[in-house]
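> The structure is given below, and queries will be raised subsequently.
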Amino acid sequence: MKKIINTTKAPAPIGPYNQAVLVGNTLYTSGQIALHPETMELVLEDIKTETKQVMENMKAVLEAADMTFENVIKSSIFISDMNNFKQINEVYGKYFDEATAPARETVEVANLPKFVNVEISMIAIK
8 MKKIINTTKA PAPIGPYNQA VLVGNTLYTS GQIALHPETM ELVLEDIKTE
58 TKQVMENMKA VLEAADMTFE NVIKSSIFIS DMNNFKQINE VYGKYFDEAT
108 APARETVEVA NLPKFVNVEI SMIAIK
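Numbering (my numbering) for the sequence shown: 8 to 133.
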């Protein structure tokens with residue numbers, strides 16, 4: 008059985024999807040972008056601020072499933088410009104213990120929803 012995970016502490020979905028789906032002990036999150044959950048406005052001052060908003064949104068989704076970043080086993084990062092990788096990685100890394108960080112891929116893409124610079128999704132296990 009799957010359980011739908013939604014929280015008002017992360018941006019509401021802007022399409023036919025949910026913030027996350029829990030199947031057994033495994034949580035599959037949808038990609039998060041830098042939408043502020045209360046205003047649904049994009050937070051795009053700079054790439055570090057944008058990445059922080061994405062990670063805070065993801066934190067809220069994880070918490071709604073009674074999990075933390077410690078539960079994350081896989082991250083997927085999609086960025087519009089690989090030249091931003093170092094700054095994105097710097098912010099992303101603050102949310103994980105390097106010794107137990109999840110597996111990850113980072114992929115440069117042509118465009119992302121709302122033409123943001125970064126989108127991140129995760130898989131976590133209780």
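Note that the Cβ used here is the ideal one computed from N, Cα and C, for glycine as well.
Give the C-beta separation of isoleucine 86 and glutamate 57 to the nearest angstrom, bearing in mind that I take them to be a contact with Cβ-Cβ under 8 Å.
For this step, residue 86 is matched to residue 79 along the sequence shown. For this step, residue 57 is matched to residue 50 along the sequence shown. Between glutamate 57 and isoleucine 86 the Cβ distance is about 10 Å, and since that is not below 8 Å, they are no contact.
> Just to confirm, does glutamate 52 get its C-beta within under 7 Å of one of the non-hydrogen atoms of the ligand GTP?
Summarising the ligand content, the structure contains no ligands, and the ligand GTP is consequently not present.
> Could you give the distance in angstroms between the alpha-carbon of isoleucine 132 and the alpha-carbon of threonine 33?
Taking the sequence shown and counting its residues from 1, the one referred to as residue 132 is at position 125. Taking the sequence shown and counting its residues from 1, the one referred to as residue 33 is at position 26. The alpha-carbon atoms of isoleucine 132 and threonine 33 are separated by roughly 5 Å.
> Taking all protein chains shown into account, decide if glycine 22 is buried (16 or more other Cβ within 10 angstroms of its Cβ) or exposed.
Here residue 22 is taken as the residue at index 15 of the sequence shown, counted from 1. Glycine 22 is exposed by the Cβ-count criterion.
> Let me check one thing: in DSSP terms, what residues is methionine 129 bridge-paired to?
The residue given as residue 129 occupies position 122 in the sequence shown. Looking at the DSSP assignment, methionine 129 forms a beta bridge with Ser82.
> Could you give the residue range of the alpha helix (DSSP H) that holds leucine 69?
Your numbering for residue 69 matches position 62 in the sequence shown. Here the alpha helix (DSSP H) through leucine 69 covers 54 to 71.
> Can you list, in chain order, the residues of its chain whose CB lies under 7 Å from that of alanine 72, leaving out five sequence neighbours each side?
Stepping through the sequence shown from its first residue, residue 72 is reached at position 65. Correct list, in chain order: Ile12, Ala27, Leu29 and Leu34.
> Could you give the first and the last residue of the continuous alpha helix (DSSP H) run that contains tyrosine 99?
As a first step, residue 99 is located in the sequence shown; it is residue number 92 there, counting from the start. Segment 92 to 100, the alpha helix (DSSP H) holding tyrosine 99.
> Ends of the beta strand (DSSP E) at glutamate 48?
The count along the sequence shown starts at 1 and reaches residue 48 at position 41. Looking at the DSSP string, glutamate 48 is not in any beta strand (DSSP E), and its letter there is neither H nor E.
> Can you list, in chain order, the residues of its chain whose CB lies under 6 Å from that of threonine 14, leaving out five sequence neighbours each side?
For the purposes of this step, residue 14 is taken as the residue at position 7 of the sequence shown. Same-chain partners within the cutoff: Ala67 and Ala71.
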